[in-house]
Amino acid sequence: MPSATFFLPARRSLLPKVSISGGKPMSKERDMRRTDWKRITKRRYVSRGEADIFGSAGRISLTLIDEVTGPLTVHYHSRAVLIAEAGYSWFQAAVPGTRWWLMAMFDECDRLIQIYFDITGGSRFDDPENPTFEDMYLDIVVSADGSIEVVDRDELDEALQSGAITVLQHREAIEACEKLEKFLRENSTAVLEWCSAMQRKLKREMPV
3 MPSATFFLPA RRSLLPKVSI SGGKPMSKER DMRRTDWKRI TKRRYVSRGE ADIFGSAGRI
63 SLTLIDEVTG PLTVHYHSRA VLIAEAGYSW FQAAVPGTRW WLMAMFDECD RLIQIYFDIT
123 GGSRFDDPEN PTFEDMYLDI VVSADGSIEV VDRDELDEAL QSGAITVLQH REAIEACEKL
183 EKFLRENSTA VLEWCSAMQR KLKREMPV
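The sequence shown begins at 3 in this note's numbering and counts up one residue at a time.
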């Protein structure tokens, strides 16, 4: 696999939680167990350390969705993509010192739907079994056919305008996104294949 050293390191710690719109913080800390997924009412989960995530050590996990309150469909311009339903699974990978968080979605037949990269303000491994990251609004979606799309730039700009992030954090997010996008355009096939292989491996380790 290509090396993860292409990613910009997280030079700053977690984003400040600035309250706007009635006191609700715009930025949000998320964890690998995704405890904020209230839509998922029953799940199975497995995680472990992984020595080779694009050449670096980190943590990988797989969430198998058994029951949901309802299916989740996301919209990208003219596309509608179903990403959460009973039988679906979500694979995640995170590496300390990087500015990204990988999540790959698979359907009930283990077909890769898409890979979703969150651009982050840095990841925290205080709990090595359940690392967290601060969502930096900007994201990159890699479809199963290898097509790549940057999404939610408007949310990043709104965060800057509202004062939720600084000019430096805004610039760092864009730089990290551009660097990641370049890497993915050169290595999308390898990344897609790696995610599929890791998903299959973790699913074999999943408790019944």
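We put the beta carbon where it would ideally sit given N, CA and C, even for glycine. As the structure is a computational prediction, the values presented were derived from the model and not from experiment.
Checklist entry - Do the CB positions of Leu140 and Arg126 come within less than 8 Å of each other? => result No.
Next on the checklist: Assuming Leu66 and Ser91 are in contact, meaning their beta carbons sit under 8 Å apart, how far apart are those beta carbons, in whole angstroms?
Outcome noted: Beta-carbon to beta-carbon, Leu66 and Ser91 are separated by about 5 Å, close enough to satisfy the 8 Å threshold.
Item to check | C-alpha gap between Arg46 and Ala166, whole angstroms | outcome: When rounded, the distance between both Cα atoms is 35 Å.
Item to check | Start-to-end residues for the alpha helix (DSSP H) that takes in Phe185 | outcome: Looking at the DSSP string, the run of the alpha helix (DSSP H) that includes Phe185 is Val169 to Glu207.
Next on the checklist: I'd like the ranges of any beta strand (DSSP E) spanning at least 3 consecutive residues and lying wholly in the segment 55-79.
Outcome noted: Whole beta strand (DSSP E) segments, 3+ residues: 58-70 and 74-78.
Next on the checklist: On the CB-based measure, 16 or more other CB atoms within 10 Å of its CB, does Val97 come out buried or exposed?
Outcome noted: With 16 or more other Cβ atoms within 10 Å, it is buried.
Item to check | Boundaries (first-last residue) of the beta strand (DSSP E) holding Ala95 | outcome: Secondary structure note for Ala95: its beta strand (DSSP E) is the uninterrupted segment Ser91 to Ala96.
Next on the checklist: DSSP has Thr100 in a bridge; who is on the other side?
Outcome noted: In the DSSP assignment, Thr100 forms no beta bridge with any residue.
Checklist entry - Considering only the beta carbon of each residue, do Gly112 and Arg202 sit closer than 8 Å? => result Residue identity check: residue 112 is Asp in the sequence provided, not Gly. Going by C-beta atoms, Asp112 is nearer than 8 Å to Arg202.
Checklist entry - With burial defined as no fewer than 16 other Cβ atoms inside 10 Å of the residue's Cβ, what is the status of Leu170: buried or exposed? => result Classification of Leu170: exposed, given that the 10 Å Cβ count is below 16.
Next on the checklist: Given a cut-off of 8 Å on the beta-carbon distance, is the pair Met34 and Ser49 in contact?
Outcome noted: The beta carbons of Met34 and Ser49 sit closer together than 8 Å.
Checklist entry - From Leu162, Glu188, Ala146 and Asn189, pick the residue whose C-alpha is nearest to that of Ile176; which is it? => result Out of Leu162, Glu188, Ala146 and Asn189, Leu162 has the C-alpha closest to the C-alpha of Ile176.
Checklist entry - Exposed or buried, what is Arg101 when buried is set at 16 or more other beta-carbons lying within 10 Å of its beta-carbon? => result Around the beta-carbon of Arg101, 16 or more other beta-carbon atoms lie within 10 Å, marking it buried.
Checklist entry - So what does Gly51 bridge to, in DSSP terms? => result As a beta-bridge residue in DSSP terms, Gly51 pairs with Arg61.
Next on the checklist: Please state whether the Cβ-Cβ distance between Val70 and Gln116 is less than 8 Å.
Outcome noted: In this structure, Gln116 does not lie closer than 8 Å to Val70 by Cβ.
Checklist entry - At which residues does the beta strand (DSSP E) containing Ala86 begin and terminate? => result If you look at Ala86, you'll find it in the beta strand (DSSP E) that goes Arg81 to Ala86.
Item to check | Top-ranked residue by Cα proximity to Asp147, from Asp137, Leu186 and Met200 | outcome: Distance check between Asp147 and each of Asp137, Leu186 and Met200 places Leu186 closest, using alpha-carbon atoms only.
Checklist entry - Apart from the five residues just before and just after Glu241, which ones in its own chain have a Cβ nearer than 8 Å to its Cβ? => result The question about residue 241 has no answer here: the residues shown for the chain are numbered 3 through 210.
Checklist entry - If you count every other CB in all the chains shown that lies within 10 Å of the CB of Ala106, and 16 or more means buried, which is it? => result Buried, since its Cβ has 16 or more Cβ neighbours within 10 Å.
Checklist entry - Helix, strand or coil: how does DSSP classify Glu110 here? => result Residue state for Glu110 is assigned as coil, using DSSP reduced to three classes.
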